[in-house]
Every structure is written in structure tokens, then in C-alpha cells.
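To start, the structure itself, in C-alpha cells.
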Amino acid sequence: MILLWKCIEWLYPKRILFYFVSTKLVVNLLYKTMSSLKELAVALFEAGAVRLGDIEAKLGRRTPIYFDLRVVVSHPKVMISVAQQLQKLSEDIHHDLLCGVPYAALPIAAVMSINTDTPMIMKRKETKLYGTKKMLEGKFENNQRCLVVEDVVTSGGSLMETVCTLRAEGLNVTDAVVVLDREQGGVSVLKKNGITVTSIFTLTDLLKMLNEAGKISDETVQIIVEHIKECQFSNLDFMKDNLELIE
Numbered sequence: 001m002i003l004l005w006k007c008i009e010w011l012y013p014k015r016i017l018f019y020f021v022s023t024k025l026v027v028n029l030l031y032k033t034m035s036s037l038k039e040l041a042v043a044l045f046e047a048g049a050v051r052l053g054d055i056e057a058k059l060g061r062r063t064p065i066y067f068d069l070r071v072v073v074s075h076p077k078v079m080i081s082v083a084q085q086l087q088k089l090s091e092d093i094h095h096d097l098l099c100g101v102p103y104a105a106l107p108i109a110a111v112m113s114i115n116t117d118t119p120m121i122m123k124r125k126e127t128k129l130y131g132t133k134k135m136l137e138g139k140f141e142n143n144q145r146c147l148v149v150e151d152v153v154t155s156g157g158s159l160m161e162t163v164c165t166l167r168a169e170g171l172n173v174t175d176a177v178v179v180l181d182r183e184q185g186g187v188s189v190l191k192k193n194g195i196t197v198t199s200i201f202t203l204t205d206l207l208k209m210l211n212e213a214g215k216i217s218d219e220t221v222q223i224i225v226e227h228i229k230e231c232q233f234s235n236l237d238f239m240k241d242n243l244e245l246i247e
């Protein structure tokens, strides 16, 4: 009994030390992750991927904030950082192939493919009128699991269009990783159609980080937040755009 008590006395402070060290490592890791995400948010802003003002978006809608990931092709370090963050999101998602939604997500998907040695396929915007006349380029087999890569989800229309094409070709598509969820209902609509979306940023996250970094004002944040509340999308918006839904 005395020996047992001595062992407990010897182990107890070490358990406290182990707990303290482990907790500190976890906190440091979380801080580093958040710090790197904030740095990425600022880098995207400075690269011109985040634009502010009264901007015309898809289908003629006006928006006070526009996200254009196409510009990162001219900023290799930013593109690599985006790809690395998306890779982290995809680590626990089983997939055999990658497919970027054309055109903004294509270079990001290509970097992910090279970094992870995961085969990539490409969806065309339109069917080729010559040669193979295919909508999908690359090698794939029936029922392979394909992870979709997208830059932004607003209504979810562009992503769903790609999903429908992939599924029509016999591929199994259940997940997508995206850079930004604009929090306008698209993620919920996609979920109803069998697609789980995981994002690097929500618009709330992005605005908070850019505001803390002094890139956008409190007033601008409020204007954007009010716009997002007023401009939400649902399944009906897919029907209006004549997109095929998978119920």
C-alpha cells in the first residue's frame, strides 16, 4: 500500500506537467492555424481576390463584396497556400479523383493533385464539337469517388452543375472543398442534394480577419452582413436557372 502511494505521488506531478505541455502544444497549434488563415485572408485581399464596392455579380445581381480567385494564378505563393489549406480539409474525405469547377478552381485543383499525387479530371464548360466530344477530360472509372474543388459557394449553382455532370458519367460525388462559403444558403441547398461542403473560410470568418487586420472598416462589414441576410438562395433558385437537381 505504501509503495502504491509512493508511485502515485511520483506520477501525479508528471501527469500535471504532461497535461500542461499537451495543452500548450494544442493551443499553440490552434493559434498557428488561425494565424496562418488570417495571413491567407490578408494575402487574398492584397492580391485582389477580395473586391469591395457596388459590384455586378452572376445573373446581374449586385453585391458589396466580390471574391475572384482567378487572380491567384499570378500569385504563386498565395495559390500554394490556398491549395495547402484545401488539402488539409480533404485529408479525412475518402476520394480517388479531384475535379475543379471551371474555371477559377482548376489551377488550385491542379496544385492539389500534384501535391497529393491524386489523379485529376477536368470538366469542360461546354461539350467539344470535335475529336472525342467529351465533357470530362482525364481517366476515370465508374463509381470512383470524386472530390470537387470550388472557389466560392453562393447559391451553389456552379458547383451543382459540375456535380451533375460527374454523376452522369458514373462517378460517386458526395463532397466538395471550397475556399469561401458566402453563407447565402448555397451550402444548405447542396447538402439537400447529397453534397457536403467544407470551406476554408465562411464570409463571417473572412470579414472578421480582414477587419482585425485593418483592411476593411466596421461600417463596410455591417453593409456586407446586411446584404447577405437579405440575399439568400434556396432550391427554387436552381429551378429558375434550369439546373438539374438530384433529389
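First residue of the sequence shown: 1, per full-length UniProt numbering; consecutive thereafter. Yeah, the Cβ is synthetic: ideal placement off N, Cα and C, and Gly gets one too. Source: prediction; values computed, not measured.
Asked	Found
Beta-carbon spacing of residue 67, residue 215 below 8 Å	no
Proximity of residue 207 and residue 224 at Cβ, strictly below 8 Å	yes
Boundaries (first-last residue) of the beta strand (DSSP E) holding residue 198	196-202
Euclidean distance between Cα positions of residue 227 and residue 155	14 Å
Element boundaries [alpha helix (DSSP H), containing residue 107]	106-116
Stretch-stretch touch, CB-based, cutoff 8 Å, three pairs: the segment 106-118 with the segment 153-173	no
Residue of 123, 204, 183 minimising C-alpha distance to residue 41	204
Residue ranges of each alpha helix (DSSP H) within the UniProt domain "Phosphoribosyltransferase" (74-190), 4 or longer	76-90, 106-116, 157-168
Residues bridged to residue 63 [DSSP beta-bridge criterion]	55
Status (buried if at least 16 other CB within 10 Å, exposed otherwise) for residue 104	buried
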